[in-house]
């Protein structure tokens, strides 16, 4: 039975060391500094092209990168600390997954996008793209939060990053779709992938851990740190790899408007849907962010500020409705246990974002974009596509993302079922104690209460 | 009686949806991308003026914007979580107010500042200015924290943003005063507005909720997250919309020195004023920030580093004294219940900041500013004013800000008294339960203790 | 006995006011705006050299500065809140030390590095360097966390900043070593200085406070905020003052890879070293950061991405081993009580970072660096040194840093022993109550439990 144990003493170190060793080896063979990070090449470039050091792309991407980085490690990490007894795992497994994911995706994305002369060239753009990829993995993590061992999570990362890279390559490079903020490549893919994994890993006895699935007062406040950071920096996320100039500027602004409108919709719906006219933290923590997802494809385009606001408002409404009505249904009818409700925050808004992107693309005209068409829609600009056909390709890309997510999620889900990975039993989900040395005195508030109550019961009996 | 209820099921959704619908409609009619965010116009600009994409103002304002954004949503939001049972409301109502406020102020400020050819042009500067305006609203929120419903807060935002826009227009555009960091337009206006609202909404029975007005250990730590972010990013706040070059650079640096000196003054005064030689978290959380407020007008000017430090030190002393002696007096003598002590952090330091700004302006000489005079004091530079008269105009601006705040605050206070808005009763202030679904097991530490104590009492009786 | 009291009513205000007054006086005499922050000089520069405002270094250093600032105030501050009853002191004394330290180091570093025509010229670079210096002080603070009064901490800051400035001057300007991220000047110096102070201040009766030295569930989550911010922004730290262009870009990227690899090593070692195959939060909070320290010297160089990853992996392994085996030994055998384990996070990785820096420097060739040699190794570039001799000088610099730290730490430790400074007794270490007004209802979780347990015991007796 030891192979089936949740004891991580052997299997986790072994896996971490093997994965890191392989990664370092592949980096040694394939990864090189790009022109902007290599001392020799950059100074040659300065010499040859009359550039100055402040032309280095570091200055025009790195602030966005750090905002994205904050979303990945603080945003996702703390958003998931809402569970009363799973805070250590939420923030620290998020940390582990992302730290491995960004290395692995540098390789995978590098093979597909940045392979020149047999080498992968890395710099600020590869750093942003790697963080983006880990975002998709962390979305999937949200669906299975509390129900997987770190070994399972690392294996999921390994395979999902790989599939992400292939899917992204097909969508962006072969289909020629635009998806700067990843409505399709990140949100749709990450959400439906995670839902499929959760479906395969369905736990019929999960009700034995349900009492630990909720939040306590302070865990909800920790989660709000995650929410607010995601909300604030989403404009940087969507704009981080768009073209310089008006593109980045417009993308950030559209996202900002969408999120603001989404927030009002979320408060409205949360109060409306509750039986007692009270607000629900789950909605505020999650649905208010759907405004960033829903403009992930279109924020780069000439969406107009009020267009962004309509999209954002819609996202808030649909996402809140999803938390209220759809998540319970997914669980009871489809046997998909979606811990964080990623279907509501990333799944539906991602799909809608793809559709909105297709519509806005189909409406592109030379009059609206002027010389700027080349940055947003190069294939329309160079005459190889009409705006309408670009719209159609956008929709094809959505189906590709869904296909990769659904099939990939099922396959990886079955891999994660291998017993040796140390999945926690149904009775010990949503708790840190199975994987962590938890301080004795105060092992999560819920448990602390339990201890006190027990003590009191003893006294009562006495 | 249902119209007077604090049940938010109908009134909050209705208000959110109406406000958002009006906002979107006005955006559709009036708001357009500016040259830096519009694909067509920006690329035309590139073509016509031999510019490059990295000349886009996005790269020279957006990092400052994100720092300001963090202050508004994390800084203000978490600073107010110090209350033991009001953490959800503090951070989430802050979120709601700011999300609506930034949209509404884009319109109001746009009508006054950015109206060209019948359209409001938006880009990074309008985003920063909108966030600034919400800062004033959040200061007012601090005065009535724990005592207002979200409906009241949205109405306050609606009217206060409007008055803010008019006041700001008069001060900056008509009077020609300088106030980059908003000592007058943001801090003085926001604080006295809020104090007047609190005065009109005076609650004679508030002592029935006083036991909930304090903090608990962890809520004070959450509040410190807010404090530290405000403190760190205040240099970005004061410099976010100053002229490019030395102006932004100097403004940030002056603010940084002022805050550092203010922190030492705050620790000194806090230890001195306590009966037992112990430090008080309320002072550290708040008074240490007054150094940012007090140089809000003058940080842009040639204040000198040591001048900034003297100002900051003064701010720390006065603000701490205010928390110790003035806040209780305001309550008992003037019937102004100032939950967060905004008079000490924003009111007095704001007024003093305006005065310091006037003095430093009056001392401006061509020798000190050189060609840089045009950026800091264009009206002195072009000969239409002497430095002394600029100083006088600065003082006039202070009185305008005070006048708008006092009169506006009273008027809006009376509007907020309309019973249908769902103001909580005096017995239920400072608690989340009235507006939120609070997790059962651990409804704030104070309440948890209560539960335990009760249990224990039962056992004792048994 | 009053002179020996821990009552801060007189001594802390007096010290703060005297230090700030001296600082302001010295600023008034010596500190002036530099060319980039002075209105007159900058606009003259624009005029004379055909520059534009966006050439101001503010735009190319300030985002890095704010990341560093966040590490200093949020990162260090919250990392140390892991102690269950010492959260107020951790974050607020960190705040006090850093606020004074940055002012004092502006003067000290100014005298050594930036003294022109009898004046210290300040701008964004002096701001970053001042923050760097406070980083070293905060590392030392970590070694004596919970065991020193704020008066002791301010005195330590006063002297340690001064020694830091001299040490840094010798290493960078006289020896000509490179140390952009401060493996030697910040981490090695700060750690061994703090360990020596802790050694001199050895507390034989500290076991009387040991029950307060641990964490509780939520304090570990607060600490993770610090950890994650340090981890995310370490690339900005190491690159903040490197040369513009490829140097900053490469330094940030190398650090990012090193940290990612370090994180996997830390999880691996943490699971491996625990008896029960469970992860330990202390390791994740600390050892995962050693990857930033270990490339502090070499990240600027052509370390290669896989080289950075090997270094980072090594750092994670050694640091975790140190927490498990070395910290207890230091305490029991060498009488060094290292509260935060700074020897594992900063000491050993700092020394190793210096050695790696020396090796990579010795391997520098004209072929690898091209024209970029001048930015990374100016003394090799201008022919005054070979790469090998640069490597030797790097090692000499390490010994200088160690020497300053060991001797300086002992001397300052003895100064801090002066009884009047109000050091807490051995029985009252690691608790806020001695220096803070702590909210009554919930004075830290540990104490709260104590209260409950006591109550229960009474009932049991009844």
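Chains as they are written, first to last, in the UniProt record's numbering: chain A, 1 to 462; chain B, 1 to 462; chain C, 1 to 462.
Every residue gets a Cβ at the ideal spot worked out from N, C-alpha and C, and that includes glycine.
Here the structure is a predicted model, which is why all the values come from computation and not from measurement.
By the criterion of a C-beta distance shorter than 8 Å, residue 119(C) is surrounded in its chain by 30, 31 and 32, once the five residues flanking it on both sides are discounted. In the three-state reduction of the DSSP assignment, residue 69(C) falls in the helix class, which pools H, G and I. The beta carbons of residue 132(C) and residue 182(C) sit about 6 Å from each other, so the pair counts as a contact at 8 Å.
The DSSP-derived three-state label of residue 154(B) is helix. Those residues of the region 30-58 of chain B placed with their C-beta closer than 7 Å to a C-beta in chain A are 31, 33, 36, 37, 38, 39, 40, 42, 43, 44, 47, 53, 54, 56 and 58, ordered along the chain.
When CB distances to chain A are screened at a threshold of 8 Å, the residues of the region 190-218 of chain C falling below it are 214, 215, 216, 217 and 218, in chain order. In this structure, residue 66(C) sits near residue 233(B), with a CB-CB distance shorter than 8 Å. When DSSP assignments are scanned along the region 268-297 of chain B, the uninterrupted stretches of alpha helix (DSSP H) that are 4 or more residues long and fall wholly within it turn out to be 281-286 and 290-294. Here residue 60(B) has 244 as same chain residues with Cβ atoms under 7 Å from its own Cβ, once five neighbours each way along the sequence are excluded. Contact annotation: residue 168(A) and residue 412(A) have beta-carbon atoms that are not nearer than 8 Å. At the C-beta level, residue 138(C) and residue 72(C) come within 8 Å of one another. Distances from the alpha-carbon of residue 177(A) to those of 228(A), 378(A), 157(A) and 84(A) put 378(A) closest. Secondary structure at residue 119(A): strand, using DSSP grouped into helix, strand and coil. Neighbours of residue 271(A) across chain B, judged by C-beta separation under 7 Å: 8, 9, 12 and 13. Secondary structure at residue 145(B): coil, using DSSP grouped into helix, strand and coil. Counting along the chain, the unbroken beta strand (DSSP E) around residue 33(A) starts and ends at 31-33.
Chain order gives no chain A residues near residue 418(C), where near means a beta carbon separation below 9 Å; the closest approach is about 36 Å. Within chain B, 253 and 256 have C-beta atoms less than 7 Å from the C-beta of residue 127(C), given in sequence order. DSSP places residue 414(A) inside the alpha helix (DSSP H), whose first and last residues are 387-416. The DSSP-derived three-state label of residue 83(B) is strand. Listed in chain order, the positions of the region 67-101 of chain A with a beta carbon within less than 7 Å of a beta carbon of chain C are 69, 70, 73, 74, 77, 81, 87, 88, 91, 92, 95, 96, 99 and 100.
In the DSSP assignment, residue 48(B) falls within the unbroken alpha helix (DSSP H) covering 39-49. Chain A has no Cβ within less than 8 Å of the Cβ of residue 311(C). Using a Cβ-Cβ cut-off of 8 Å, residue 144(B) does not count as an interface residue toward chain A, since no Cβ of chain A sits closer than that to its own. In summary, residue 344(A) is buried, with 16 or more beta-carbon neighbours lying within 10 Å of its beta-carbon over all protein chains present. For residue 227(C), the enclosing alpha helix (DSSP H) starts and ends at 217-239. Between the alpha carbons of residue 7(A) and residue 422(A) lies a gap of roughly 7 Å. Put simply, the backbone Cα of residue 51(A) is about 40 Å away from that of residue 356(A). With the criterion set as a beta carbon lying under 9 Å from some beta carbon of chain B, the region 420-441 of chain A has no members that meet it. Segment contact: the region 353-369 of chain A against the region 17-31 of chain B, fewer than three CB-CB distances shorter than 8 Å; contact not assigned.
For residue 160(B), no CB of chain A lies under 8 Å from its own CB, so it is not counted at the interface with that chain. Close to residue 153(A), with beta-carbon spacing below 9 Å, lies no residue of chain C; the smallest spacing is near 11 Å. Residue contact check for residue 16(B) against chain A: a CB pair falls below 8 Å.
Close CB contacts of residue 142(C) within its chain, under the 6 Å cut and outside five residues either way in sequence, are with 340 and 342 (chain order).
Beta-bridge partners of residue 104(C) (DSSP): none assigned. As a beta-bridge residue in DSSP terms, residue 436(A) pairs with 279(C).
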